[in-house]
Every structure is written in structure tokens, then in C-alpha cells.
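Going by our numbering, the first residue of the sequence shown is number 850, and it counts up by one from there. In this text, a Cβ means the ideal position worked out from N, Cα and C, and glycines have one as well.
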Amino acid sequence: MNSIDLFVKNWGSKNAMVPIKSLYIEELEEKLAVVLPDSYKYLISKYGLVHTPNVLTKICDLGVDISEVQDFLSLDDVSLLSNLYEMSGMPKGHILFASDCKGNMFCFKKTDCETSQKDAPVWFYNQGQGTVEKVSASFSAWLDQFNDL
Numbered sequence: 850m851n852s853i854d855l856f857v858k859n860w861g862s863k864n865a866m867v868p869i870k871s872l873y874i875e876e877l878e879e880k881l882a883v884v885l886p887d888s889y890k891y892l893i894s895k896y897g898l899v900h901t902p903n904v905l906t907k908i909c910d911l912g913v914d915i916s917e918v919q920d921f922l923s924l925d926d927v928s929l930l931s932n933l934y935e936m937s938g939m940p941k942g943h944i945l946f947a948s949d950c951k952g953n954m955f956c957f958k959k960t961d962c963e964t965s966q967k968d969a970p971v972w973f974y975n976q977g978q979g980t981v982e983k984v985s986a987s988f989s990a991w992l993d994q995f996n997d998l
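Structure follows, in C-alpha cells:
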């Protein structure tokens, strides 16, 4: 999980992050009827909800064409916002887990989370366009693009 540890070291805000207990992650999985990727569960169970305010600044400074991540969602928000965004037009079948600063969301496809897996592709929901597009083949690779900045 080196890419995850490096991401938190490089980009996590210095505010105290509270790891999320496995019990709560299991409850969310049961509620959503999915198995979240081990890589994502590692991040939130070891570090908690990571806030990355400096990613946007770095992306703008470098002129890099990637969507910035700003906040990882609380487990309550993962469930609540996944349903709310679907009701407001997002294509069905996604599990939101992080946001940028504009209301766009990063998510996993529910079909990618039907069975236990180490990692899963990351998708980006563009709220303004109402589209979902694949932005990375895996959660770890998605974090690595920020580590490479």
C-alpha cells in the first residue's frame, strides 16, 4: 500500500485524521451490498478521511489535466450522497467516495465491487455534464498520479 501511504504523506492536511474502524466499514458494505476495494479500505482504516487542500494548487501551478481530489467522504456521506446524486441525475450503479472542490465526485462502480478485490477502477462523475468516465484502472494508480506531481 506504498502509494496510499505516500499520498497521505504528500497531500494529507496536517489536521488530525481519525482512522475508521473496520466494523463501520463492514456496516457500510452491508448497507450498500458491495465489497469495497482493499486499497480504499486500507486508506480509511489506517488514516481516516483525508483532506487534500493543496492538490488543486499544485495541479493549477503545473497546468496538469487531471481532476483534483479534495475530500474523502465520511461513510455516512458515501451512502447518502450516492443515493442523492443518483436521484439528481447521476447514472445509477456508483459508490461515491471522494469529491473535488466543484461538487464533482470520484466513485467506484457497484459492478466492480460485487466480490472482494485488492483494487478497483476509479470513475469520475462530472456533475455539470452528467457524465461518468473512467479516470484510472485502480484506486492505487489513481493516487499515484497525484504522487507523481
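Name the residue from the options whose alpha carbon lies nearest to the alpha carbon of residue i.
i, options, result
"ILE869", "GLY977, PHE955, TYR889, ILE915", "TYR889"
"GLU982", "MET939, SER894, LEU933", "MET939"
"ALA969", "LYS958, ASN975, ASN903, SER923", "LYS958"
"GLN966", "TYR974, SER989, GLY952", "SER989"
"SER821", "PHE973, LEU998, TYR896", "Missing from the structure shown is residue 821; the chain here goes from 850 to 998 and no further."
"ASP949", "GLN976, LYS895, SER862", "GLN976"
"VAL857", "GLN919, LYS880, GLU879", "GLN919"
"GLY897", "PHE921, VAL904, ASP887", "PHE921"
"GLN978", "LEU998, SER937, PRO886, GLN994", "SER937"
"MET866", "THR964, GLN994, LYS895, LEU933", "LYS895"
To which residues of the same chain is residue i closer than 6 Å at the C-beta, ignoring the five residues directly before and after it?
i, result
"GLU935", "LYS941"
"ASP914", "none"
"GLY952", "GLN976"
"GLY861", "VAL899"
Got a sec: does the ligand ZN put a non-hydrogen atom nearer than 7 Å to the Cβ of residue i?
i, result
"LEU881", "Absence of the ligand ZN is noted for the structure shown, with no ligands found whatsoever."
Please report the distance separating the alpha-carbon of residue i from that of residue j.
i, j, result
"SER871", "VAL883", "15 Å"
"SER916", "ASP925", "24 Å"
"THR980", "PHE955", "12 Å"
"LEU855", "ASN996", "7 Å"
"CYS962", "LYS907", "31 Å"
"LEU877", "SER928", "7 Å"
"PRO902", "ASN859", "11 Å"
"VAL971", "SER923", "18 Å"
"LYS880", "VAL984", "26 Å"
"ILE944", "GLU875", "15 Å"
"LEU998", "VAL904", "9 Å"
"ASP887", "THR964", "11 Å"
"THR960", "LEU933", "19 Å"
Could you check how far apart the C-beta atoms of residue i and residue j are, in whole angstroms? I think they sit under 8 Å.
i, j, result
"LEU992", "ILE853", "6 Å"
"ASN864", "HIS900", "7 Å"
Cutting at 7 Å between CB atoms, please list the residues of its own chain near residue i, excluding the five before and the five after it.
i, result
"PHE946", "TYR889, PHE921, LEU922, VAL927, PHE955, CYS956, PHE957"
In chain order, what residues of the same chain lie with their CB nearer than 8 Å to the CB of residue i, ignoring the 5 residues before and after it?
i, result
"GLN994", "ILE915, SER985"
Check your understanding: What are the start and end residues of each continuous beta strand (DSSP E) run of 3 or more residues lying completely inside the region 929-961, in chain order?
Key -> For the region 929-961, whole beta strand (DSSP E) runs of length 3 or above, ordered along the chain, are 943-948, 954-958.
- prompt: At which residue ranges does the region 868-931 contain complete alpha helix (DSSP H) runs of 4 or more residues, listed in the order of the chain?
  reply: Runs of the alpha helix (DSSP H) lying entirely within the region 868-931, each at least 4 residues long, are 871-881, 887-895, 903-911 in chain order.
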